[in-house]
Amino acid sequence: MKNLRIKLLLSLIAFAVILVAVISYVNRQILADDIEEQVARNRVLIENHILTDMRAVDNAHLYFDANMSDEMEQALRALKNYYRENPNVATWDLQQLKNKHDMDIYILDQTNTVLYTTFDKDIGFNFSKCCQRFSALLDERRASGEFFTDGIDISTTTGEYRKFAYLATHDKKYLLELSIDLLKNPVFQTFNFEKTSEYLVAKYVDLVEVQTISAGGVFFNDSKSKRITVQEQSEQFQKYFELARKKMQPVEYQEAFNQGYMETHLFLPYEAETVRGESSHRIVYVKYANFTKMEALQKNTKQFWVLLTIALITAFVMLLVINKILSKTIHLATFDPLTGVYNRATYIRKMDSLLKKRKLNRPGLLLIDLDNFKQVNDQFGHAEGDQILIGTAKILKKVVKKDGFVVRFGGDEFAMVLYDTTEHHMQQVADAILTQIRTLKLEDHAIQKWSVLSVSMGGAIYHHPEDSEMSLFERADRALYQSKNAGKDQYSSFVEVAEVEDTKI
105 MKNLRIKLLL SLIAFAVILV AVISYVNRQI LADDIEEQVA RNRVLIENHI
155 LTDMRAVDNA HLYFDANMSD EMEQALRALK NYYRENPNVA TWDLQQLKNK
205 HDMDIYILDQ TNTVLYTTFD KDIGFNFSKC CQRFSALLDE RRASGEFFTD
255 GIDISTTTGE YRKFAYLATH DKKYLLELSI DLLKNPVFQT FNFEKTSEYL
305 VAKYVDLVEV QTISAGGVFF NDSKSKRITV QEQSEQFQKY FELARKKMQP
355 VEYQEAFNQG YMETHLFLPY EAETVRGESS HRIVYVKYAN FTKMEALQKN
405 TKQFWVLLTI ALITAFVMLL VINKILSKTI HLATFDPLTG VYNRATYIRK
455 MDSLLKKRKL NRPGLLLIDL DNFKQVNDQF GHAEGDQILI GTAKILKKVV
505 KKDGFVVRFG GDEFAMVLYD TTEHHMQQVA DAILTQIRTL KLEDHAIQKW
555 SVLSVSMGGA IYHHPEDSEM SLFERADRAL YQSKNAGKDQ YSSFVEVAEV
605 EDTKI
């Protein structure tokens with residue numbers, strides 16, 4: 105009964121765990137797929153938004169840029185004329201010229217080094233060392249002698265948003281350059297990609313960062329702090345940046361961190377519709393994280409443990425219900441309903457289990473039969489007869505204790521199985537039973553019921569590995585038959601029966 109309950113409990117727990125695990129796994133996979141689809145849709149929206157807004161900003165500046173470009177061209181041609189009159193640029197009052205034109209002034213020599221400027225951070229900066237592609241472009245502009253103006257660009261040293269214009273001196277010795285701080289420009293304040301980046305990062309949970317990088321590898325930055333370059337990033341970052349810049353196709357890589365956190369680094373090439381200098385080519389760097397997926401999977405994990413707890417509690421409740429429903433049935437299938445000792449079916453099952461251990465012990469079987477029990481039923485009635493059977497079962501259980509178990513085969517037939525015994529021990533047990541029954545017959549209240557009764561017993565012990573329950577029962581039954589033929593109220597062992605039979609032979 106106890107083993108059955110344990111097996112039933114383990115089965116219910118296993119069923120609950122498997123059911124919850126399968127449901128949770130399937131749900132987790134569906135959830136993960138749904139999240140991946142949503143993330144993919146969001147990425148398409150984000151990336152289209154980025155490119156569309158950047159194109160809109162460029163077009164807006166192109167539209168409103170004509171006046172600014174004209175002013176810069178006039179200022180540069182005025183400086184070029186001033187150079188004709190005073191070619192010693194070292195004597196120029198650049199600050200006065202800046203105030204006059206309201207623009208920063210740069211004078212670059214033939215090595216593309218900034219010799220003089222009103223923008224102190226760029227003094228001595230050599231483009232040929234840091235930015236070879238851009239330096240080659242400056243050489244072309246110096247050689248052509250024409251006026252050039254770029255679109256939205258950045259300061260190579262600070263990363264600030266600026267607009268630049270170039271014009272070489274008549275002798276091609278110097279390249280004159282002007283720049284305007286776009287942050288002061290009302291158009292740029294209205295059409296500003298930084299605002300779009302901030303808006304997108306605030307809107308999408310998984311969007312961590314959006315940065316614009318010039319083709320030369322400098323981050324666009326309107327904070328006027330120290331410039332940030334690609335060369336300062338990781339080797340993998342530099343590798344994928346160069347790959348995107350050369351192929352002009354989107355590339356990305358992922359980084360995995362602790363507890364399932366992942367970052368996706370996307371490099372999105374951009375080319376302005378109207379090419380205006382080096383700044384027309386940019387790389388938009390987008391960093392994604394998997395916050396949405398992590399949060400959803402964490403909730404899913406919590407749901408799994410909640411469901412598992414509920415399932416286990418349900419399993420225990422079901423065990424109690426099933427136990428209550430089946431306990432009576434199980435009891436009837438295991439025990440004799442009248443006496444409470446084991447029935448024949450349980451006897452067979454326990455004997456099979458005991459036989460598997462017979463190498464470690466020597467089981468014994470004692471068959472017990474109440475003599476003249478029919479006379480008790482006829483004389484005192486079946487109710488009294490039932491009391492005799494109940495009393496006999498109590499005596500047998502009292503005698504055997506924990507050394508074995510008692511069985512009722514039916515009617516007045518009982519058996520006692522001893523787990524490990526000897527002939528001497530079997531004799532002691534039989535004598536104890538005879539003594540108990542004989543003592544009971546002497547009690548005043550039991551004289552009439554027990555006076556006609558006696559007990560006949562026969563016992564046998566396993567001796568050979570090939571012995572079975574049937575062979576043991578047959579030997580014990582022959583010993584019981586010997587007790588009845590010898591006058592009843594006694595015990596006989598199969599050893600004695602065998603000796604008598606050998607003597608007769």
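Using the working numbering, count along the sequence shown one by one with no gaps and you end on 609.
Ideal Cβ positions, reconstructed from N, Cα and C, are used throughout, including at glycine.
Quantities reported herein were computed from a predicted structural model and do not represent experimental measurements.
For this session: Can you grab the Cα-Cα spacing for the pair R109 / S560, in whole Å?
Result: Roughly 38 angstroms between the two C-alpha positions.
For this session: Under 7 angstroms Cβ to Cβ from Y566, same chain only, skipping five residues before and after it: list those, please.
Result: Sequence-distant partners of Y566 (beyond 5 residues in either direction) whose C-beta falls short of 7 angstroms from its own C-beta, in its chain, are R462, R466, P467, L576.
Exercise. For the stretch 557-593, which segments carrying the beta strand (DSSP E) assignment without a break, of at least 3 residues, lie completely within its bounds, in sequence order?
Worked result: Secondary structure remark: continuous beta strand (DSSP E) runs of at least 3 residues inside the stretch 557-593, in chain order: 558-565.
Problem set entry | Unbroken beta strand (DSSP E) run spanning G508, endpoints | From DSSP, the beta strand (DSSP E) with G508 extends over 508-514.
Exercise. How about V480 and K545: are their beta carbons less than 8 angstroms apart?
Worked result: In this structure, K545 does not lie closer than 8 angstroms to V480 by Cβ.
Exercise. Do the stretch 507-514 and the stretch 442-450 make contact, defined as three or more Cβ pairs closer than 8 angstroms?
Worked result: Enough Cβ pairs lie closer than 8 angstroms, so yes.
For this session: Alpha carbon to alpha carbon, how far is I472 from E573? Give it in angstroms, no decimals.
Result: Roughly 17 angstroms separates the two Cα atoms.
Exercise. When the cut-off is 8 angstroms and only beta carbons count, does R266 lie next to chain D?
Worked result: The chain labelled as chain D is not found in the depicted structure, where only one protein chain is given.
Exercise. How would you write the range of the beta strand (DSSP E) that V314 sits in, first residue to last?
Worked result: Segment 311-318, the beta strand (DSSP E) holding V314.
For this session: Report yes if the CB atom of I492 is closer than 8 angstroms to the CB atom of F513, and no otherwise.
Result: No, the pair does not count as a contact, with Cβ atoms beyond the cut-off.
Problem set entry | Same chain, Cβ closer than 6 angstroms to Y451, five either side skipped, listed in chain order | Once the five neighbours on either side are set aside, the close Cβ partners of Y451 are V511.
Problem set entry | Assigned secondary structure, G468 (DSSP; H/G/I helix, E/B strand, else coil) | Of the three classes helix, strand and coil, the one that applies to G468 here is strand, per DSSP.
Exercise. Pairing CB atoms from the stretch 202-213 with CB atoms from the stretch 305-316, are three or more of them under 8 angstroms?
Worked result: The stretch 202-213 makes no contact with the stretch 305-316; the number of CB pairs closer than 8 angstroms stays below 3.
Problem set entry | Distance between L416 and V521 (C-alpha atoms, nearest Å) | Rounded to whole angstroms, V521 to L416 spans 40 angstroms at the Cα level.
Exercise. To the nearest angstrom, how far is it from the Cα of T368 to the Cα of F341?
Worked result: Answer to the nearest angstrom: the Cα atoms are 11 angstroms apart.
Exercise. Which word fits A487, buried or exposed, when buried means at least 16 other C-beta atoms lie within 10 angstroms of its C-beta?
Worked result: Note on A487: under 16 other CB atoms within 10 angstroms of its CB, so exposed under the neighbour-count rule.
Problem set entry | Whether T217 touches K202 by CB criterion (8 angstroms) | No, the pair does not count as a contact, with Cβ atoms beyond the cut-off.
For this session: Determine the contact status of V312 and A194, defining contact as a CB-CB distance below 8 angstroms.
Result: For V312 and A194, no; Cβs fall outside 8 angstroms.
For this session: Report the three-state DSSP secondary structure of T215 (helix, strand or coil).
Result: It is coil, neither helix nor strand.
For this session: Return the bridge partner residues of M366 from the DSSP annotation.
Result: Its beta-bridge partners are A360.
Exercise. Taking the alpha helix (DSSP H) that H529 falls in, what are its first and last residues?
Worked result: Annotation: the continuous alpha helix (DSSP H) that includes H529 extends over 527-545.
Exercise. Exposed or buried, F295, counting other C-beta atoms within 10 Å across all chains shown (16 or more means buried)?
Worked result: With a pLDDT of only 49 at F295, under the threshold of 50, the placement of this residue in the model should not be trusted, and no figure is reported.
Exercise. Buried or exposed: which applies to I127, given that a residue is buried once 16 or more other Cβ atoms fall within 10 Å of its Cβ?
Worked result: Classification for I127: exposed.
Exercise. Roughly how many whole angstroms lie between the Cα atoms of T156 and E399?
Worked result: Each residue's Cα considered, the two are about 31 angstroms apart.
For this session: Compare the beta carbon distance of A536 and G562 with 8 angstroms and say whether it is the shorter of the two.
Result: Cβ atoms of A536 and G562: not closer than 8 angstroms.
Exercise. Buried or exposed: where does N190 fall if 16 or more other Cβ atoms within 10 Å of its Cβ makes it buried?
Worked result: Exposed, since its Cβ has fewer than 16 Cβ neighbours within 10 Å.
Exercise. By DSSP, does F68 sit in helix, in strand, or in coil?
Worked result: The structure shown does not extend to residue 68, since the chain spans only 105 to 609, so no value can be given for it.
Exercise. Which value, in whole angstroms, describes the spacing of the CA atoms of L469 and I499?
Worked result: Inter-residue distance for L469 and I499 is about 17 angstroms (C-alpha atoms, whole angstroms).
Problem set entry | Where F598 falls: helix, strand or coil (DSSP) | Looking at F598 - three-state DSSP - the assignment turns out to be helix.
Exercise. Span of the alpha helix (DSSP H) holding V421?
Worked result: From DSSP, the alpha helix (DSSP H) with V421 extends over 395-438.
Problem set entry | Own chain, CB closer than 8 angstroms to V124, minus 5 neighbours either side, in chain order | Once the five neighbours on either side are set aside, the close Cβ partners of V124 are F408, L411, L412, A415.
Exercise. Expressed to the nearest angstrom, what Euclidean distance is found between the alpha-carbon atoms of Q532 and A120?
Worked result: A direct Cα-to-Cα measurement between Q532 and A120 gives close to 52 angstroms.
Exercise. Secondary structure at E336, three-state DSSP: helix, strand or coil?
Worked result: Looking at E336 - three-state DSSP - the assignment turns out to be helix.
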